[in-house]
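Asks: Protein chains in written order, with this note's numbering: chain A, 1 to 418; chain B, 1001 to 1120. All C-beta atoms in this analysis are idealised placements derived from N, C-alpha and C, irrespective of residue type, glycine included. Here it is, the structure in full.
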Amino acid sequence: MTVLIINPVNDLLILQGNKKPSGVTENAGLKLPAGFSASVLADSVGRARHIVVTKKGALYIKLSKLINGKGILRVKDTDGDGKIDDIKSFGNYIGTGITIKDGYLYASSNDEVFRYALDENEEVIKPDSPEKIIKGLINGRQHNTKSLVLDDKGYIYVNIGSPLNSCQEIDRGAGSKGKDPCPVLDSAGGIWQFRADKLNQTYKEGIRYATGLRNVMGLDWNYQINELFVIQHGRDQLDMFPEYFNAKQNADIPAEEMFMIKKGANCGWPYCYFDVQQNKKVLAPEYGGDGKNTTRCEGVEQPIVAFPAHLAPNALLFYTGSMFPDKYKNGAFVAFHGSWNRSPEKQEGYYVVFVPFKDGKPSGPWEIFADGFAGVETVMSPKQAQHRPCGLAQGPDGALYVSDDVKGTIYKIIYKNN
Amino acid sequence: MVFLSVPVDKATMERGKKVYIQYCIACHQVDGGGVPGLNPPLEKTPHVLGSKTKLIRIILKGMDTHEEIDGETYSNVMAPHNHLTDQQIADVLTYVRNSFGNIAIAITPGDVKYVRARTK
């Protein structure tokens, strides 16, 4: 099959050829390490955000745009031919977060969290009558997705992203100063902890577990050391302060930070950001920073991994399966949705990376694990990306699933030792 | 209906492009395509090609609504850009209205001055 892709920046026709007669692109168009292969389990399922796989291999997919009035899909390949053939949908709300824990499916809208009792096959028993466990969360226009994860003690952790970029008097306004203290932090810009089994909880019943996190989409519980790990969408637009930063510096400097979070952690937003070139936290220009000043940043939580700027980490998953080679066991996969705030530089990300871990700590440099989602060599404008990784899930056999929220593709990545 | 193609002078387009690169490209991108879900596109949208007054007002006052544009919504906020001069706003809007596949008549500094005087 030959696929013609038009690059709208310069009207170049990029010829992507392969000789396979079947019409199926090898590895679903992805570049993977040796021994791994990828297939498309589902296509065109809509804005597929986070995903979770049942112990029987069915997938729940949370959608950020309703399809026929429904916001959760449950899909399954019942005949084992590698394609889904059984689709159900339920849940009349859009959102991103979805996970399974101890007999319940948990899913979030942009201001509430619901749970659905599961049967012994992890099928939802009453799709039309979930329990509402959390309500009334801040739902600003920006960073309003509520990612979810649970621990073993009956708590659920919910990201409440800041509805602002850097807590300025005028959001994203050139030269606008930061509000001090940033009032948003009372109800957003952190991770909140709630009980998983109590109905109708609000902020009053929740605990601000960690603060100073601008927006977290990827979070996971590490059962090896029983701690919460999160990865933050770092700040945009340093070049709103052109006296200190040009566009290139904005494109390169403010890290996407991964943290191990203990209760009470303060990760620094909006006062501090992590500069990948100086390898330290520095004071944000909204609060008087000049790119070097580190006032207010001593004592804030340090990242355990600092990724390049603006890559947009949308999912984090600790791999606990046995299908992949040993080095992957207990390591972290991160799905990067891909950048937008690097213009006029080329955009980056649009891939899934792997971070090796040992005893709950990164044990080596991160590496790109799955690339090629964008389908074009260079992304200058995010719209050019054909697919963007958004969610990650591990199957009962140890396969890794990746969702894409542009075309609604669900990839399944497996390893074969031969 | 006859579309009159009014040629926009090159100097205006070049000045407009400079303003675009400095203030607009971060969000609206090199191809005017915006960012799906975050920042609206500027290609052939009613906001860009329609009322000059409304378009000038978006620059002066910013935009913080969750309205649909061709069936999609966009979550980022646009800050007011009223610090730009009448000339800069006229240049950049004329550039946007005649780039990315758009064709629309130019916006003059006089247009901006008029709208600015009537915009709180």
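Can you name the start and end residues of the beta strand (DSSP E) that A:R115 belongs to?
Replies: Within the first sequence, the letter at position 115 stands for residue 115 of chain A. That run of the beta strand (DSSP E) goes 113 to 117.
Asks: Along the region 324 to 342 of chain A, where does the CB come closer than 7 Å to a CB of chain D? Name the residues.
Replies: No chain D appears in this structure, whose protein chains are A and B.
Asks: With A:H50 as the anchor, note down where its beta strand (DSSP E) starts and where it stops.
Replies: Residue mapping note: residue 50 of chain A aligns to position 50 of the first sequence, counting from 1. Residues 48 to 53.
Asks: At which residue ranges does the region 270 to 347 of chain A contain complete beta strand (DSSP E) runs of 3 or more residues, listed in the order of the chain?
Replies: Whole beta strand (DSSP E) segments, 3+ residues: 272 to 275, 280 to 283, 305 to 307, 313 to 318, 332 to 336.
Asks: Using a 10 Å radius around the Cβ and a threshold of 16 neighbouring Cβ atoms, would you call A:H233 buried or exposed?
Replies: Locating residue 233 of chain A in the first sequence gives position 233, counting from the first residue. Label assigned to A:H233: buried.
Asks: Could you give the residue range of the beta strand (DSSP E) that holds A:V419?
Replies: With chain A covering 1 to 418 only, the question about residue 419 of chain A has no answer from this structure.
Asks: Within the continuous alpha helix (DSSP H) that includes A:N164, where are the two ends?
Replies: Indexing the first sequence from 1 puts residue 164 of chain A at position 164. Just to set this straight, residue 164 of chain A is Leu in the shown sequence, not Asn. Neither: A:L164 is in no alpha helix (DSSP H) and is coded neither H nor E.
Asks: Alpha carbon to alpha carbon, how far is A:K31 from B:K1061?
Replies: The residue labelled residue 31 of chain A in the question sits at position 31 within the first sequence. The residue labelled residue 1061 of chain B in the question sits at position 61 within the second sequence. So the two alpha carbons sit approximately 45 Å from each other.
Asks: Can you check which of these residues, A:R235, A:G80, A:E227, is closest to A:D152 by C-alpha distance?
Replies: Locating residue 152 of chain A in the first sequence gives position 152, counting from the first residue. Of A:R235, A:G80, A:E227, the residue nearest in Cα terms is A:E227.
Asks: Out of B:P1007, B:I1021, B:K1052, B:A1011, which one is the CA nearest neighbour of A:S343?
Replies: Numbered from 1 along the first sequence, position 343 holds the residue referred to as residue 343 of chain A. The option with the nearest alpha carbon to A:S343 is B:I1021.
Asks: Kindly give me the distance between the Cβ atoms of A:I138 and A:A188, rounded to whole angstroms, as I take these residues to be in contact under 8 Å.
Replies: Reading the first sequence from its first residue, position 138 is the one you call residue 138 of chain A. Reading the first sequence from its first residue, position 188 is the one you call residue 188 of chain A. Contact flag correct, Cβ pair sits at about 5 Å.
Asks: Which residue comes first and which comes last in the alpha helix (DSSP H) that contains B:E1014?
Replies: Residue numbering aside, residue 1014 of chain B sits at position 14 when the second sequence is read from its first letter. First-last of the alpha helix (DSSP H) with B:E1014: 1010 to 1019.
Asks: With three or more beta-carbon pairs closer than 8 Å as the criterion, would you say the region 177 to 196 of chain A touches the region 116 to 130 of chain A?
Replies: Cβ pair count under 8 Å is below three, so no.
Asks: Is there a Cβ from chain A that is less than 8 Å from the Cβ of B:P1093?
Replies: Stepping through the second sequence from its first residue, residue 1093 of chain B is reached at position 93. Position check: residue 1093 of chain B holds Leu in this sequence, whereas Pro was assumed. It does not; no Cβ of chain A falls within 8 Å.
Asks: Along the beta strand (DSSP E) that carries A:N250, what are the first and last residues, could you check?
Replies: Taking the first residue of the first sequence as position 1, residue 250 of chain A is located at position 250. Not the beta strand (DSSP E): A:N250 falls in the alpha helix (DSSP H), residues 247 to 252.
Asks: A:G23 CB to nearest chain B CB: under 8 Å?
Replies: For the purposes of this step, residue 23 of chain A is taken as residue 23 along the first sequence, with counting starting at 1. Annotation note: pLDDT 45 at A:G23 (below 50); position unreliable, coordinate value reported separately. No, A:G23 does not count as interfacial toward chain B.
Asks: What residue range is occupied by the uninterrupted beta strand (DSSP E) comprising A:G391?
Replies: As a position in the first sequence, residue 391 of chain A is number 391, starting the count at 1. Start and end: 389 to 394.
Asks: Are the region 1068 to 1088 of chain B and the region 1011 to 1026 of chain B touching, with three or more C-beta to C-beta distances below 8 Å?
Replies: Taking 8 Å as the limit for Cβ pairs, the verdict is that the region 1011 to 1026 of chain B does touch the region 1068 to 1088 of chain B.
Asks: Considering only C-alpha positions, which residue in the set A:Q193, A:Q249, A:L219 is nearest to A:E257?
Replies: In the first sequence, counting from the first residue as 1, residue 257 of chain A sits at position 257. Nearest option by C-alpha distance: A:L219.
Asks: Using a Cβ-Cβ cut-off of less than 9 Å, give me the residues of the region 164 to 186 of chain A that come near chain B, in sequence order.
Replies: If the cut-off is 9 Å between Cβ atoms, the region 164 to 186 of chain A has L164, N165, Q168, I170, D171, R172, G173, A174, G175, S176 near chain B.
Asks: Assign A:V40 to one of three DSSP states: helix, strand, or coil.
Replies: Reading the first sequence from its first residue, position 40 is the one you call residue 40 of chain A. Correct three-state label for A:V40: strand.
Asks: With 8 Å as the threshold, decide whether the Cβ of B:Q1029 is near any Cβ in chain A.
Replies: Here residue 1029 of chain B refers to the residue found at position 29 of the second sequence. Cβ-Cβ to chain A under 8 Å: yes for B:Q1029.
Asks: Rounding to the nearest angstrom, what Cα-Cα distance links B:A1106 and A:G29 in this structure?
Replies: Taking the second sequence and counting its residues from 1, one reaches residue 1106 of chain B at position 106. Taking the first sequence and counting its residues from 1, one reaches residue 29 of chain A at position 29. Going from the Cα of B:A1106 to the Cα of A:G29 covers about 44 Å.
Asks: Quick check on DSSP: helix, strand or coil for A:N226?
Replies: Here the question's residue 226 of chain A lines up with position 226 in the first sequence. In this structure, A:N226 counts as coil in the three-state DSSP scheme.
Asks: If you check the beta carbons only, do A:L150 and A:V158 fall under 8 Å apart?
Replies: By one-based count along the first sequence, residue 150 of chain A stands at place 150. By one-based count along the first sequence, residue 158 of chain A stands at place 158. Not in contact: A:L150 and A:V158 (Cβ atoms no closer than 8 Å).
Asks: Closest to B:G1033 by C-alpha separation, out of A:E169, A:N200, A:S381, A:G190, would be which residue?
Replies: Residue mapping note: residue 1033 of chain B aligns to position 33 of the second sequence, counting from 1. Answer by Cα proximity: A:S381.
Asks: Is the region 347 to 357 of chain A close to the region 57 to 76 of chain A, with three or more CB pairs under 8 Å?
Replies: With the cut-off at 8 Å, the region 347 to 357 of chain A and the region 57 to 76 of chain A do not touch.
Asks: Can you confirm whether the region 38 to 50 of chain A touches the region 401 to 414 of chain A when touching is taken to mean that 3 or more C-beta pairs between the two stretches lie within less than 8 Å?
Replies: Yes, the region 401 to 414 of chain A touches the region 38 to 50 of chain A.
Asks: Mind pulling the chain B residues with CB within less than 7 Å of A:S381?
Replies: Indexing the first sequence from 1 puts residue 381 of chain A at position 381. Ordered by position in chain B, the residues that pass the 7 Å Cβ test against A:S381 are Q1029, V1030, D1031, G1033.
Asks: In terms of alpha-carbon separation, which member of B:Y1023, B:L1042, B:P1007 lies closest to B:N1082?
Replies: Taking the first residue of the second sequence as position 1, residue 1082 of chain B is located at position 82. Checking every option, the nearest Cα to that of B:N1082 belongs to B:Y1023.
Asks: DSSP has A:S403 in a bridge; who is on the other side?
Replies: Position 403 of the first sequence, counting from 1, holds the residue named residue 403 of chain A. DSSP, once it has assigned bridges, lists A:G391, A:I410 as partnering A:S403.
Asks: Using a cut-off of 8 Å between C-beta atoms, extract the partners of A:R421 located in chain B.
Replies: No statement about residue 421 of chain A is possible, as the shown extent of chain A runs from 1 to 418 and does not include it.
Asks: Chain B beta carbons: is any one of them nearer than 8 Å to that of A:Q426?
Replies: Here chain A comprises residues numbered 1 to 418, so residue 426 of chain A is not present and cannot be evaluated.
Asks: Answer yes or no: do B:N1076 and A:Q142 have a C-beta to C-beta separation smaller than 8 Å?
Replies: Counting from 1 along the second sequence, the entry for residue 1076 of chain B is found at position 76. Counting from 1 along the first sequence, the entry for residue 142 of chain A is found at position 142. Against a cut-off of 8 Å, the Cβ pair of A:Q142 and B:N1076 comes out as a contact.
Asks: With a cut-off of 8 Å on the beta carbons, I'd call A:P254 and A:A312 a contact; round off their distance for me.
Replies: Taking the first residue of the first sequence as 1, we reach residue 254 of chain A at position 254. Taking the first residue of the first sequence as 1, we reach residue 312 of chain A at position 312. Not quite, the Cβ-Cβ distance comes to about 12 Å (not below 8 Å), so this is no contact.
Asks: What's the gap between the Cα of A:K263 and the Cα of B:S1099?
Replies: Stepping through the first sequence from its first residue, residue 263 of chain A is reached at position 263. Stepping through the second sequence from its first residue, residue 1099 of chain B is reached at position 99. In a straight line, the C-alpha of A:K263 is about 51 Å away from that of B:S1099.
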